[in-house]
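Protein chains in written order, with our numbering: chain B, 109 to 409; chain X, 50 to 305.
From the three backbone atoms N, C-alpha and C, an ideal C-beta is built for every residue, glycine too.
Since we're looking at a predicted model, the values are computed, not measured.
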Amino acid sequence: MHTSAWRKKLISQKCLGLPPLAYLLIFFAVPTVIMLFASFRYAGDYGGLAPWYYYEQGSLSFDLTLENWQRLFESDIYLQLFLKSIAYAVLATLLCILLGYPLALMIARSPRRHRDLLLLLVILPFWSNFLVRIYAWMIIFSPSGALTHMLNSLLAVFGIAPISLMYSPTAVIVTLVYVHLPFMVLPLYANLEKHDPALLDAAQDLGASRWRRFWRITWPLSLPGVYAGSILVFIPVLGMFAIPELLGGTDGIMIANVIKQQFVESRDWPFGSVLSMVLTAAAVLVVLLGAKFGQQLGHSR
Amino acid sequence: MKRKNRLLKISALGVYAFLYLPLLIVVIYSFNDSKLNAEWVGFTWKWYDKLFNNREMLTAARNSLIIASASALIATLLGTLAGMTIHKYRLKLLPGLVIAPIAMPDILMGVSLLLFFIMLNMSLGLLSITLAHITFCIGFVALSVQARMSNIDRSLTEAARDLGATPWQCFRKITLPLLAPGILAGALMAFTLSIDDFVITFFVAGVDSSTLPLQIYSMVKIAITPEVNAISTLLMLLTLILITLVAKLSPGALRS
Numbered sequence: 109m110h111t112s113a114w115r116k117k118l119i120s121q122k123c124l125g126l127p128p129l130a131y132l133l134i135f136f137a138v139p140t141v142i143m144l145f146a147s148f149r150y151a152g153d154y155g156g157l158a159p160w161y162y163y164e165q166g167s168l169s170f171d172l173t174l175e176n177w178q179r180l181f182e183s184d185i186y187l188q189l190f191l192k193s194i195a196y197a198v199l200a201t202l203l204c205i206l207l208g209y210p211l212a213l214m215i216a217r218s219p220r221r222h223r224d225l226l227l228l229l230v231i232l233p234f235w236s237n238f239l240v241r242i243y244a245w246m247i248i249f250s251p252s253g254a255l256t257h258m259l260n261s262l263l264a265v266f267g268i269a270p271i272s273l274m275y276s277p278t279a280v281i282v283t284l285v286y287v288h289l290p291f292m293v294l295p296l297y298a299n300l301e302k303h304d305p306a307l308l309d310a311a312q313d314l315g316a317s318r319w320r321r322f323w324r325i326t327w328p329l330s331l332p333g334v335y336a337g338s339i340l341v342f343i344p345v346l347g348m349f350a351i352p353e354l355l356g357g358t359d360g361i362m363i364a365n366v367i368k369q370q371f372v373e374s375r376d377w378p379f380g381s382v383l384s385m386v387l388t389a390a391a392v393l394v395v396l397l398g399a400k401f402g403q404q405l406g407h408s409r
Numbered sequence: 050m051k052r053k054n055r056l057l058k059i060s061a062l063g064v065y066a067f068l069y070l071p072l073l074i075v076v077i078y079s080f081n082d083s084k085l086n087a088e089w090v091g092f093t094w095k096w097y098d099k100l101f102n103n104r105e106m107l108t109a110a111r112n113s114l115i116i117a118s119a120s121a122l123i124a125t126l127l128g129t130l131a132g133m134t135i136h137k138y139r140l141k142l143l144p145g146l147v148i149a150p151i152a153m154p155d156i157l158m159g160v161s162l163l164l165f166f167i168m169l170n171m172s173l174g175l176l177s178i179t180l181a182h183i184t185f186c187i188g189f190v191a192l193s194v195q196a197r198m199s200n201i202d203r204s205l206t207e208a209a210r211d212l213g214a215t216p217w218q219c220f221r222k223i224t225l226p227l228l229a230p231g232i233l234a235g236a237l238m239a240f241t242l243s244i245d246d247f248v249i250t251f252f253v254a255g256v257d258s259s260t261l262p263l264q265i266y267s268m269v270k271i272a273i274t275p276e277v278n279a280i281s282t283l284l285m286l287l288t289l290i291l292i293t294l295v296a297k298l299s300p301g302a303l304r305s
């Protein structure tokens, strides 16, 4: 009797989790496995995928290959693109820390009643449409735009030839930072908000200077927030294709642009799947490393 | 201490300007009576006028609304279930599956769903877009609901059970009303995410169906025109309303 009641409870409540579990398995886990599988298939004659099995004289044969994966290592183009994308992601992450830290610190140290509003002001632009935010920078960087104008008149004073900001790696980095900055501010704020102000007061009483207080107390305590924000910025930047495509020109492309190209323009899905799997592995690795780092940090305290 | 505070405030103000000035430029130029987004010529409504006479844009807007409503509805249902079970039980698989679509770069979900739909011989269109949007919305709803769940005082439900309420009554009369703001906030977030999604939609939309972001993308690829500013401004206005609502309903939801 007791067991059956227990079983009934288990069935009635834990099973509520089954519909979302099933949905995510079907539409997230299965497609990822299919992508891994597709990376071992041949491309179809007109793009897409070729059949992976066929019947010949009554027996079943499989048509799978390692060629797509070999192609990854045949030239160093792809390796270089991956490294370049990682470099962009590192740079964008560092710049987000540089810009996001003072903002998060200011919000965390302002009166409690203002904090929600100040934070909402950080969140709002993040929720406005992604393309709109990119488009804003297309206007700013456009050759006829005010920024290019001002910059070039300034350069002319020093006798330097006019430059174009549009379609350059600079434009890509600035926009990457702009789009992902809120991802850095939110976890940083969540961390900084919890700091005990008594620590800083004590340090001040003991004669620590302003910078010393920051570098010896606030900064080390905020590292978990810095790591969390860095992961939230790094991963989407690593897989970004829209920003380089619209603002990067030929110099500014990243690995995701090649993935998009394989799936849309050249329709070489197997090779596109290979590149996607490498990107997946990179993202998973970053998450795991971040989790491990965060845990160590938690233990050492 | 004083001087540092001022330095901090000034740099924070600078970052706020960095966040808002570009968007302000988009809004201002949407009222500019010139084809170029360069100098100010005069005030006009004509880009909005043009927008409302643009048949493709209107179809895209209708598609976006249909997709966003459907995916918000289903994702809210599934996400609420997920959030509640994750809060109640120590599960392994479900929390990971809920977070993974949020943590992975969008493009990966886009291309893998494309492969998936093609393998099923499904034609790409509104249905495939909606199915994809539900996938990435579930997590956001689940997080919002989970955050709300942990704020509910357990003694309330325990008291109800002690007084003889069935589990269903207890859920209907106690848990659900307390959970409602979290659910509604999650639903609004799902709606906003769906309306705004570009990357995943780009891969699973096929050739015949367009959404607002896809429409903006194809316009931006050809040329920068003030019509894009007008649609951008309208979209911003819509998001502003939705997100302010979310913030009012459940201040914690946006931070997760």
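Report task. State yes or no: is the C-beta of X/N103 within less than 7 angstroms of the C-beta of X/I273? Result -> One-based indexing of the second sequence puts residue 103 of chain X at position 54. One-based indexing of the second sequence puts residue 273 of chain X at position 224. Not a contact, by the Cβ cut-off of 7 angstroms.
Query raised in the report: chain X partners of B/Y286, CB-CB under 8 angstroms?
Result: As a first step, residue 286 of chain B is located in the first sequence; it is residue number 178 there, counting from the start. Here the neighbours are F67, L68, P71.
Requested in this report: Can you have a look at X/R139 and say buried or exposed, based on whether 16 or more other CB atoms are within 10 angstroms of its CB?
Outcome: Here residue 139 of chain X corresponds to residue number 90 of the second sequence, with the count starting at 1. Result: exposed.
**Report entry** Straight-line gap, B/S330 to B/L211 (C-alpha atoms, nearest Å)
**Finding:** Along the first sequence, read from residue 1 onward, the residue named residue 330 of chain B stands at position 222. Along the first sequence, read from residue 1 onward, the residue named residue 211 of chain B stands at position 103. Answer to the nearest angstrom: the Cα atoms are 14 angstroms apart.
Requested in this report: Write down the C-beta distance between X/S281 and X/E105 rounded to the nearest angstrom, noting that I regard them as a contact closer than 8 angstroms.
Outcome: Working through the second sequence from its first residue, we reach residue 281 of chain X at position 232. Working through the second sequence from its first residue, we reach residue 105 of chain X at position 56. Not confirmed; about 16 angstroms, so no contact.
Query raised in the report: What's the call for X/L286, buried or exposed, on a 16-neighbour Cβ count within 10 Å?
Result: For the purposes of this step, residue 286 of chain X is identified with residue 237 of the second sequence, where counting begins at 1. Label assigned to X/L286: exposed.
Requested in this report: With 8 angstroms as the C-beta to C-beta threshold (strictly closer), list the residues of the segment 128-158 of chain X near chain B in chain order.
Outcome: G128, L130, A131, M133, T134, I135, K137, Y138, L140, L142, L143, L146, V147, A149, P150, A152, M153, P154, D155, I156, L157, M158
Query raised in the report: Just how far apart, CA to CA, sit B/I134 and X/T206?
Result: Position 26 of the first sequence, counting from 1, holds the residue named residue 134 of chain B. Position 157 of the second sequence, counting from 1, holds the residue named residue 206 of chain X. Rounded to the nearest angstrom, the two C-alpha atoms are 34 angstroms apart.
Query raised in the report: Regarding X/R203 and the ligand PLP, is the C-beta to nearest heavy atom distance less than 6 angstroms?
Result: Summarising the ligand content, the structure contains no ligands, and the ligand PLP is consequently not present.
Query - Whether B/A244 touches X/L72 by CB criterion (7 angstroms) - result: If you number the first sequence from 1, residue 244 of chain B lands on position 136. If you number the second sequence from 1, residue 72 of chain X lands on position 23. Contact flag set, yes.
Query - Proximal residues to B/R409 (C-beta, below 6 angstroms), its chain only, five neighbours per side dropped - result: Locating residue 409 of chain B in the first sequence gives position 301, where the first residue counts as 1. Legend: pLDDT at B/R409 = 47, less than 50; position of this residue unreliable, no value from coordinates given.
Query raised in the report: Under a Cβ-count criterion, where at least 16 other Cβ atoms within 10 Å of its own Cβ denotes burial, should B/F190 be classed as buried or exposed?
Result: By one-based count along the first sequence, residue 190 of chain B stands at place 82. Its Cβ being crowded by 16 or more others within 10 Å, B/F190 is buried.
Report task. Tell me whether X/N81 sits in a helix, a strand or coil according to DSSP, three-state version. Result -> Here residue 81 of chain X refers to the residue found at position 32 when the second sequence is read from its first residue. The answer is strand: DSSP assigns X/N81 an E or B state.
Query - Close Cβ partners of X/T184 (< 6 angstroms) along its chain, the five nearest in sequence each way excluded - result: Translated into positions along the second sequence, residue 184 of chain X becomes position 135. If we look at X/T184 and ignore the five residues flanking it on each side, its Cβ neighbours are P150.
Query raised in the report: Closer than 7 angstroms, CB to CB, is B/L132 near chain X or not?
Result: Looking up residue 132 of chain B in the first sequence gives position 24. Chain X contact via Cβ: present.
**Report entry** DSSP state of B/E164 mapped onto helix, strand, coil
**Finding:** Stepping through the first sequence from its first residue, residue 164 of chain B is reached at position 56. Three-state DSSP puts B/E164 in a strand.
Report task. Check the Cβ-Cβ distances between X/D245 and every residue of chain B, and say whether any is below 7 angstroms. Result -> Within the second sequence, numbered from 1, the residue matching residue 245 of chain X stands at position 196. Yes, X/D245 lies at the interface with chain B (some Cβ there is under 7 angstroms from its Cβ).
Requested in this report: Might you give, ordered along the chain, the residues of its own chain that have their beta carbon closer than 7 angstroms to the beta carbon of X/I116, omitting 5 neighbours on each side?
Outcome: Translated into the one-based positions of the second sequence, residue 116 of chain X becomes position 67. Once the five neighbours on either side are set aside, the close Cβ partners of X/I116 are L175, I178, T179, H182, S243, T260.
Report task. Name, please, each residue of chain B whose Cβ falls closer than 8 angstroms to the Cβ of X/V277. Result -> Position 228 of the second sequence, counted from the start, is the residue given in the question as residue 277 of chain X. Chain B residues near X/V277: Y243.
Query - Buried/exposed call for X/V64, threshold 16 Cβ in 10 Å - result: Stepping through the second sequence from its first residue, residue 64 of chain X is reached at position 15. The residue in question, X/V64, is buried, as its Cβ has 16 or more Cβ neighbours within 10 Å.
Requested in this report: Using a Cβ cut-off of 7 angstroms (strictly closer), state whether X/P230 contacts chain B.
Outcome: As a working note, residue 230 of chain X is residue 181 in the second sequence. So, not an interface residue.
Requested in this report: Starting from B/R375, trace the alpha helix (DSSP H) both ways and give me its first and last residue.
Outcome: Position 267 of the first sequence, counted from the start, is the residue given in the question as residue 375 of chain B. Premise fails: B/R375 is in no alpha helix (DSSP H) and is neither H nor E.
Query - Contact residues within the segment 347-362 of chain B, judged by C-beta distance below 8 angstroms to chain X - result: G347, M348, F349, A350, L354
Query raised in the report: Looking at the structure shown, is X/R55 part of a helix, part of a strand, or coil, going by DSSP?
Result: Here residue 55 of chain X refers to the residue found at position 6 when the second sequence is read from its first residue. The answer is helix: DSSP assigns X/R55 an H, G or I state.
Query raised in the report: Skipping 5 residues on each side, what residues in its chain have a beta carbon closer than 6 angstroms to that of B/F148?
Result: Residue mapping note: residue 148 of chain B aligns to position 40 of the first sequence, counting from 1. The residues are L172.
Query raised in the report: Taking the alpha-carbon positions, what's the B/Y186 to B/I363 distance?
Result: For this step, residue 186 of chain B is matched to residue 78 along the first sequence. For this step, residue 363 of chain B is matched to residue 255 along the first sequence. So the alpha carbons of these two residues sit roughly 8 angstroms apart.
Query raised in the report: Where X/G235 and B/L174 are concerned, what is the direct C-alpha to C-alpha distance, given to the nearest angstrom?
Result: Walking along the second sequence from the start, residue 235 of chain X turns up at place 186. Walking along the first sequence from the start, residue 174 of chain B turns up at place 66. Cα to Cα, the separation comes out at about 44 angstroms.
Query raised in the report: To the nearest angstrom, how far is it from the Cα of B/R318 to the Cα of X/N54?
Result: Locating residue 318 of chain B in the first sequence gives position 210, counting from the first residue. Locating residue 54 of chain X in the second sequence gives position 5, counting from the first residue. Taking the straight line joining both Cα atoms gives about 11 angstroms.
Query raised in the report: Do we get a CB-CB distance below 7 angstroms when we pair B/M246 with the residues of chain X?
Result: Translated into positions along the first sequence, residue 246 of chain B becomes position 138. By this cut-off, B/M246 is an interface position.
Query - Per DSSP, cross-strand counterpart(s) of B/L172 - result: One-based indexing of the first sequence puts residue 172 of chain B at position 64. According to DSSP, which records beta bridges pairwise, B/L172 is partnered with B/R149.
Report task. Identify the continuous alpha helix (DSSP H) that holds X/G231 and give its terminal residues. Result -> Taking the first residue of the second sequence as 1, we reach residue 231 of chain X at position 182. Where X/G231 is concerned, the enclosing alpha helix (DSSP H) stretches over 225-245.
**Report entry** Inter-residue spacing [alpha-carbon to alpha-carbon] between X/T241 and B/Y150
**Finding:** Locating residue 241 of chain X in the second sequence gives position 192, counting from the first residue. Locating residue 150 of chain B in the first sequence gives position 42, counting from the first residue. When rounded, the distance between both Cα atoms is 39 angstroms.
**Report entry** beta strand (DSSP E) runs contained entirely in the segment 256-281 of chain B, provided each spans 3 or more residues
**Finding:** none
Query raised in the report: Are the beta-carbon atoms of X/A279 and X/Y97 separated by less than 7 angstroms?
Result: Looking up residue 279 of chain X in the second sequence gives position 230. Looking up residue 97 of chain X in the second sequence gives position 48. Yes, the pair counts as a contact, with Cβ atoms nearer than the cut-off.
Query - Within-7 angstroms CB hit, B/W323 to chain X - result: The residue you call residue 323 of chain B lines up with position 215 of the first sequence. Not one chain X Cβ lies under 7 angstroms of B/W323.
Query raised in the report: Closer than 9 angstroms, Cβ to any Cβ of chain B: which residues of the segment 83-94 of chain X, in chain order?
Result: L85, N86, A87, E88
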